[in-house]
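Some notes on the structure that comes next.
Number of protein chains: 4
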Amino acid sequence: MTQPTAILLISCPDQKGIVARLSNFVFERGGNIVDSDHHSDLQAGRFLGRIEWEYDGSSSDREQLRQEVAQVADPMGGEWALHFSEVIPRIALWCSKQEHCLLDLLWRHQAGELGAEIAFVLSNHETLRRHAEALGLPFHVLPVTKENKADQEARQLDLLRQERVDLVVLAKYMQVLSGDFLQAFPEVINIHHSFLPAFAGAQPYHQALARGVKLIGASAHFVTSDLDAGPIIEQDVIRVSHRDTVEDLVRKGKDMERLVLARAVRLHLHHRVLTYGNKTVVFE
Amino acid sequence: MTQPTAILLISCPDQKGIVARLSNFVFERGGNIVDSDHHSDLQAGRFLGRIEWEYDGSSSDREQLRQEVAQVADPMGGEWALHFSEVIPRIALWCSKQEHCLLDLLWRHQAGELGAEIAFVLSNHETLRRHAEALGLPFHVLPVTKENKADQEARQLDLLRQERVDLVVLAKYMQVLSGDFLQAFPEVINIHHSFLPAFAGAQPYHQALARGVKLIGASAHFVTSDLDAGPIIEQDVIRVSHRDTVEDLVRKGKDMERLVLARAVRLHLHHRVLTYGNKTVVFE
Amino acid sequence: MTQPTAILLISCPDQKGIVARLSNFVFERGGNIVDSDHHSDLQAGRFLGRIEWEYDGSSSDREQLRQEVAQVADPMGGEWALHFSEVIPRIALWCSKQEHCLLDLLWRHQAGELGAEIAFVLSNHETLRRHAEALGLPFHVLPVTKENKADQEARQLDLLRQERVDLVVLAKYMQVLSGDFLQAFPEVINIHHSFLPAFAGAQPYHQALARGVKLIGASAHFVTSDLDAGPIIEQDVIRVSHRDTVEDLVRKGKDMERLVLARAVRLHLHHRVLTYGNKTVVFE
Amino acid sequence: MTQPTAILLISCPDQKGIVARLSNFVFERGGNIVDSDHHSDLQAGRFLGRIEWEYDGSSSDREQLRQEVAQVADPMGGEWALHFSEVIPRIALWCSKQEHCLLDLLWRHQAGELGAEIAFVLSNHETLRRHAEALGLPFHVLPVTKENKADQEARQLDLLRQERVDLVVLAKYMQVLSGDFLQAFPEVINIHHSFLPAFAGAQPYHQALARGVKLIGASAHFVTSDLDAGPIIEQDVIRVSHRDTVEDLVRKGKDMERLVLARAVRLHLHHRVLTYGNKTVVFE
Numbered sequence: 001m002t003q004p005t006a007i008l009l010i011s012c013p014d015q016k017g018i019v020a021r022l023s024n025f026v027f028e029r030g031g032n033i034v035d036s037d038h039h040s041d042l043q044a045g046r047f048l049g050r051i052e053w054e055y056d057g058s059s060s061d062r063e064q065l066r067q068e069v070a071q072v073a074d075p076m077g078g079e080w081a082l083h084f085s086e087v088i089p090r091i092a093l094w095c096s097k098q099e100h101c102l103l104d105l106l107w108r109h110q111a112g113e114l115g116a117e118i119a120f121v122l123s124n125h126e127t128l129r130r131h132a133e134a135l136g137l138p139f140h141v142l143p144v145t146k147e148n149k150a151d152q153e154a155r156q157l158d159l160l161r162q163e164r165v166d167l168v169v170l171a172k173y174m175q176v177l178s179g180d181f182l183q184a185f186p187e188v189i190n191i192h193h194s195f196l197p198a199f200a201g202a203q204p205y206h207q208a209l210a211r212g213v214k215l216i217g218a219s220a221h222f223v224t225s226d227l228d229a230g231p232i233i234e235q236d237v238i239r240v241s242h243r244d245t246v247e248d249l250v251r252k253g254k255d256m257e258r259l260v261l262a263r264a265v266r267l268h269l270h271h272r273v274l275t276y277g278n279k280t281v282v283f284e
Numbered sequence: 001m002t003q004p005t006a007i008l009l010i011s012c013p014d015q016k017g018i019v020a021r022l023s024n025f026v027f028e029r030g031g032n033i034v035d036s037d038h039h040s041d042l043q044a045g046r047f048l049g050r051i052e053w054e055y056d057g058s059s060s061d062r063e064q065l066r067q068e069v070a071q072v073a074d075p076m077g078g079e080w081a082l083h084f085s086e087v088i089p090r091i092a093l094w095c096s097k098q099e100h101c102l103l104d105l106l107w108r109h110q111a112g113e114l115g116a117e118i119a120f121v122l123s124n125h126e127t128l129r130r131h132a133e134a135l136g137l138p139f140h141v142l143p144v145t146k147e148n149k150a151d152q153e154a155r156q157l158d159l160l161r162q163e164r165v166d167l168v169v170l171a172k173y174m175q176v177l178s179g180d181f182l183q184a185f186p187e188v189i190n191i192h193h194s195f196l197p198a199f200a201g202a203q204p205y206h207q208a209l210a211r212g213v214k215l216i217g218a219s220a221h222f223v224t225s226d227l228d229a230g231p232i233i234e235q236d237v238i239r240v241s242h243r244d245t246v247e248d249l250v251r252k253g254k255d256m257e258r259l260v261l262a263r264a265v266r267l268h269l270h271h272r273v274l275t276y277g278n279k280t281v282v283f284e
Numbered sequence: 001m002t003q004p005t006a007i008l009l010i011s012c013p014d015q016k017g018i019v020a021r022l023s024n025f026v027f028e029r030g031g032n033i034v035d036s037d038h039h040s041d042l043q044a045g046r047f048l049g050r051i052e053w054e055y056d057g058s059s060s061d062r063e064q065l066r067q068e069v070a071q072v073a074d075p076m077g078g079e080w081a082l083h084f085s086e087v088i089p090r091i092a093l094w095c096s097k098q099e100h101c102l103l104d105l106l107w108r109h110q111a112g113e114l115g116a117e118i119a120f121v122l123s124n125h126e127t128l129r130r131h132a133e134a135l136g137l138p139f140h141v142l143p144v145t146k147e148n149k150a151d152q153e154a155r156q157l158d159l160l161r162q163e164r165v166d167l168v169v170l171a172k173y174m175q176v177l178s179g180d181f182l183q184a185f186p187e188v189i190n191i192h193h194s195f196l197p198a199f200a201g202a203q204p205y206h207q208a209l210a211r212g213v214k215l216i217g218a219s220a221h222f223v224t225s226d227l228d229a230g231p232i233i234e235q236d237v238i239r240v241s242h243r244d245t246v247e248d249l250v251r252k253g254k255d256m257e258r259l260v261l262a263r264a265v266r267l268h269l270h271h272r273v274l275t276y277g278n279k280t281v282v283f284e
Numbered sequence: 001m002t003q004p005t006a007i008l009l010i011s012c013p014d015q016k017g018i019v020a021r022l023s024n025f026v027f028e029r030g031g032n033i034v035d036s037d038h039h040s041d042l043q044a045g046r047f048l049g050r051i052e053w054e055y056d057g058s059s060s061d062r063e064q065l066r067q068e069v070a071q072v073a074d075p076m077g078g079e080w081a082l083h084f085s086e087v088i089p090r091i092a093l094w095c096s097k098q099e100h101c102l103l104d105l106l107w108r109h110q111a112g113e114l115g116a117e118i119a120f121v122l123s124n125h126e127t128l129r130r131h132a133e134a135l136g137l138p139f140h141v142l143p144v145t146k147e148n149k150a151d152q153e154a155r156q157l158d159l160l161r162q163e164r165v166d167l168v169v170l171a172k173y174m175q176v177l178s179g180d181f182l183q184a185f186p187e188v189i190n191i192h193h194s195f196l197p198a199f200a201g202a203q204p205y206h207q208a209l210a211r212g213v214k215l216i217g218a219s220a221h222f223v224t225s226d227l228d229a230g231p232i233i234e235q236d237v238i239r240v241s242h243r244d245t246v247e248d249l250v251r252k253g254k255d256m257e258r259l260v261l262a263r264a265v266r267l268h269l270h271h272r273v274l275t276y277g278n279k280t281v282v283f284e
């Protein structure tokens, strides 16, 4: 129903004529732009853009296009990435014992909503094996202790490379990733069960109850070595009252976690998210 | 703090290269695009775009730019409008007896939020005169009956012409405008106190209470001769419960009406709204 | 963690002293009220109340308590029901081909959120059999045509009686239930994929797109013989824009349908919903 | 249209029979309960209740009723307060230079929404004098410096006593109240322009922009000597994006501040808020 497209994401110092140069580039190659959006952060002096056009080239054509884009984009002195809607990204879902986020993503995968292949599911526990295997997905268990963490992260990185994974989704994976791991594989989205920056750290629902807030939330963010402080992609909240116990907050919070994580993953897989500094631009 | 800009809104049959042509047009004149957004309605085969660039030309330069835009845009076979951020739009606020929407817009005007000059306030009643006059604004009273409606609309149109009004905001003006009036002056935004299309027509809060809905809303829309059926610009809702009486619904609804009308007026005054068919594209 | 409780729901003509009589009734039996809430609809002259107290009686004690309640409540001239938190309600989930609502309820069931036993899953199609059977739940297929509808409804009623079902949840069951069926089994909750009363009937997302609304919603309601017009239990909305295609509306709408249906079912299973006329009182 | 009522708010150690004793108390005096609600915080072992019944007694009768309530409530060993809907509370609005919250409350006052008399408006600046005086309200200016703060607070307390003020509303009053002041006059509601506990302290919108959050909020809370940490009464949020500058956050935030403060004040003036520990129970 929808045509295949090429998508260029670019982040560079702001200057005159960038939009013209990029849209000309597409036009000269006979492309039809179906979506273009950009944002100039005047304070940071930064141009952040996304341009999507109809494109059904073969693999070799894609490689050539990439070189042509480089000739236009490299002189702009920033970072860029070229994606093709026909190249389905490969993701890995990492979980621990809680199933709600994993099941939600698996369901969306089945429903054709996700737009990604799931390379494997990984956990530090056996608990959720049957959910992965019911869909024929590999389920890897790598228990993590203080002692074996470096070794296990090496194994995780091997798996990600072998399986050509583009994105790791932490679907309630209750382990902190090391700075070394993140340097080797930086594309990681996490769901934090609070409206960050409120209630960072452990047990946010207990914190929320103690503070007596009237709304609780969830935040999906890119993972950085600074815990719970990475660039936020999506957030949402739900109303709570004095009648809600910690159990109620957990239940309501799970619904937010599922929705917010799924939205963030979808936005990223559709190449609609750019990060700069500690923030994101989301081209919705 | 912000630079003056020119803003082009365009709606035309979709075809390749429109974005390139428009952004080139700006680039060739040394313009720096600060915002560009467009939407292709594939079903309708329609391109709807907005492009904004830094521009501080004098009046005569503006006229020349308008002619140059015509040379690019007219061949595309659609409709377009060129606006300048330095040209402050002139609006008229029309009300009846209820003050909440009028006061809210007057307050935003004072706070410098609105981005418009208020040419005058008009009502079919004397009730709210003091609010207009407290700010030194002309207050015209034109009572409307079945018999004098055509005459009064003629007077209203005279006023709009004399005062070079760009937009009429119906801030709870409880009169229907005739098709003739709207043909002569089509730029009219209304606030309807329900989540349209639910509860069109009279007494939506009574209807909402009788139906037992759990949310009530408000809708800001362009006025057409088909009552409550014009293109919707903005909508929002608020939660209600069985405890809420009609008075409570009215009170909660007023807050929604104020917010939704103010947002819609602001979007339009910033040239962010395009209509086509019975719908709007809002470039937020 | 939580104590077992008894819950009295009552709807009767309003009069002085009802709360006192009911709370005395509990107090005289040594009960500790953990929650009590009521609403007087002054216009309708109706008292609607819910009172919940700690109670861990055996089955025979429960029967006796029911008789004692009758002595207090019957003279009030209304309707009442006595529930026990230890008596887990039995529900049947009815679906057609779409899985999102069914899967969501099945997941909540597994997660212990639902507070009900699922007696069986029923469909007019084979499509979703594996989801029910994966959890060991009976899956009954009763295809419905114009000709066999009466017969199939007779079979459905037999199943409901045999399995002692308390509530039928229409989780996207795309068939209209007859008035006869509903008279025989009135406890049925449906999810409608629009913000009722807007877009009742078929293809609400197509209607919403054509109308150009800025929010779409979902409504969970008790089923009556008047299609899409039964008492609303819960509603919610989500923001949409001109960029959203019908497919996007469907996707966003599914998230609302899942959440809204699950909330409504939970509220009903916790005996927090009373209907009167065409409305509900929800004791949250 | 609505009958006058008496309202009892009570907070005491939880025990059996409280609801029965209170509702009996009302019933024995021929009262008709129009609303009763309570909450048992099982963890804290605390009963928090609100009971409202039709009551149109004269002043002397009210004094007698108060003594009768004392005989029932004092033995429960907690705190209670008896209010009468016919006794209109007196409030003072304190502001600095920003007008949006003050104007909103003044407008609601005129519209009959607030349910309070405004005793006076107080500021540390002359800026908003005309808004108060336009409505014939006294406007007191008490500039505060580090040196004169104790003296000015003494004057403020004198004013509050002379004018028999029940509640101070800090409508963007940008001064911290001392612990001594709050001990002498504890009934103070503040609006903080963030979703607490996120972004407590100064310049929350700048903090929010730097952190790249996707929602911003406002929180109305009782003032305690611990800045921005008092019991929260009401909160709400609004969506923001990367396109929003600090000015946009401020503008959107103002709408939230106005709504949230007005809701909190209204709830308190209708005697629907009880505090315990650092939390509130809001009987909506």
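Protein chains in written order, with the numbering used here: chain A, 1 to 284; chain B, 1 to 284; chain C, 1 to 284; chain D, 1 to 284.
All C-beta atoms, glycine included, are put in the ideal place defined by N, C-alpha and C.
#1: By DSSP, does LEU142 of chain D sit in helix, in strand, or in coil?
#2: According to DSSP, ASP180 of chain C sits in a beta bridge with which residue or residues?
#3: Pull the bridge partners of ASP35 of chain B from the DSSP assignment, please.
#4: If we cut at 8 Å on Cβ distances, does HIS271 of chain D have a partner in chain B?
#5: The segment 159–192 of chain A: which residues have C-beta closer than 8 Å to a C-beta of chain C, in chain order?
#6: Counting only beta-carbon atoms, is LEU102 of chain D nearer than 8 Å to chain B?
#7: Would you report the Cα separation of GLY30 of chain C and GLU68 of chain D, rounded to the nearest angstrom?
#8: Using the rule of at least 16 other Cβ atoms within 10 Å of the residue's Cβ for burial, across every protein chain shown, is GLY45 of chain D buried or exposed?
#9: Using DSSP with H/G/I as helix, E/B as strand and the rest coil, what is ALA208 of chain D?
#10: Name the DSSP beta bridge partners of GLU234 of chain D, please?
#11: Any C-beta of chain B within less than 7 Å: which residues of the segment 24–50 of chain C qualify?
#12: Are the Cβ atoms of HIS125 of chain B and LYS97 of chain B separated by less than 8 Å?
#13: Under a CB-based cut-off of 8 Å, is ARG251 of chain A close to chain C?
#14: Taking VAL213 of chain A as the query, report the chain D residues whose CB atoms sit under 7 Å from its CB, ordered along the chain.
#15: Given SER225 of chain D, which residues of its chain have a CB within under 7 Å of its CB, disregarding the five upstream and five downstream residues?
#16: So which of D:ASP37, D:PHE139 and D:GLU153 has the shortest CA-CA distance to ALA92 of chain D?
#17: So GLU63 of chain A contacts chain C; which residues on that side make the cut at Cβ distance below 8 Å?
#18: For a contact defined as C-beta to C-beta under 7 Å, what are the partners of ALA262 of chain C on chain B?
#19: For the beta strand (DSSP E) containing HIS83 of chain B, list its first residue and its last residue.
#20: Measuring only between beta-carbons, confirm whether GLU54 of chain B sits less than 8 Å from chain D.
#21: Do you know offhand how far LEU249 of chain C's Cα is from ARG272 of chain A's?
#22: Report the rounded CA-to-CA distance for ARG90 of chain B versus ALA171 of chain B, giving the unit in angstroms.
#23: How many Å lie between GLY217 of chain C and VAL237 of chain B at the Cα?
#24: Between LEU259 of chain D and the rest of its own chain, which residues show a CB-CB distance below 7 Å, the 5 nearest in sequence each way excluded?
#25: Measuring only between beta-carbons, confirm whether ALA6 of chain A sits less than 8 Å from chain B.
#26: The ligand PLP and HIS221 of chain B: does the residue's C-beta get closer than 7 Å to at least one heavy atom of that ligand?
Once the coordinates are examined:
#1: In the structure shown, LEU142 of chain D adopts coil according to DSSP, grouped into three states.
#2: Secondary-structure assignment with DSSP links ASP180 of chain C through no beta bridge to anything.
#3: Note: ASP35 of chain B sits in a beta bridge opposite B:GLU52.
#4: With 8 Å as the cut-off, HIS271 of chain D does not count as an interface residue toward chain B.
#5: Those would be none; no residue qualifies.
#6: Put simply, the CB of LEU102 of chain D is far from chain B, with every gap to its CB atoms at 8 Å or more.
#7: Going from the Cα of GLY30 of chain C to the Cα of GLU68 of chain D covers about 25 Å.
#8: When all chains shown are included, GLY45 of chain D counts as exposed.
#9: Look at ALA208 of chain D here: in three-state DSSP terms it is helix.
#10: According to DSSP, which records beta bridges pairwise, GLU234 of chain D is partnered with D:ALA220.
#11: Here the close residues are HIS39.
#12: Yes, these two residues count as a Cβ contact at 8 Å.
#13: So yes, ARG251 of chain A belongs to the interface.
#14: Chain-ordered, the chain D residues with CB closer than 7 Å to the CB of VAL213 of chain A read ILE232 and GLN235.
#15: Answer for SER225 of chain D: GLY179 and LEU182, listed in chain order.
#16: With distances taken between Cα atoms, ALA92 of chain D lies closest to D:PHE139.
#17: By Cβ distance, chain C contributes nothing, its closest Cβ being about 31 Å from GLU63 of chain A, past 8 Å.
#18: Within chain B, no residue comes near ALA262 of chain C; the closest Cβ sits about 15 Å away, beyond 7 Å.
#19: First-last of the beta strand (DSSP E) with HIS83 of chain B: 79–84.
#20: Not an interface residue.
#21: Taking the straight line from one Cα to the other gives about 18 Å.
#22: In this structure, the alpha-carbon of ARG90 of chain B lies about 16 Å from that of ALA171 of chain B.
#23: Our two residues, GLY217 of chain C and VAL237 of chain B, have alpha carbons roughly 11 Å apart in a direct line.
#24: Counting only residues of its own chain and dropping the five nearest sequence neighbours on each side, LEU259 of chain D has a CB closer than 7 Å to the CB of ASP236.
#25: Taking Cβ atoms only, chain B never reaches closer than 8 Å to ALA6 of chain A, which makes this a no.
#26: Among the ligands in the structure shown, none appear at all, so the ligand PLP cannot be discussed.
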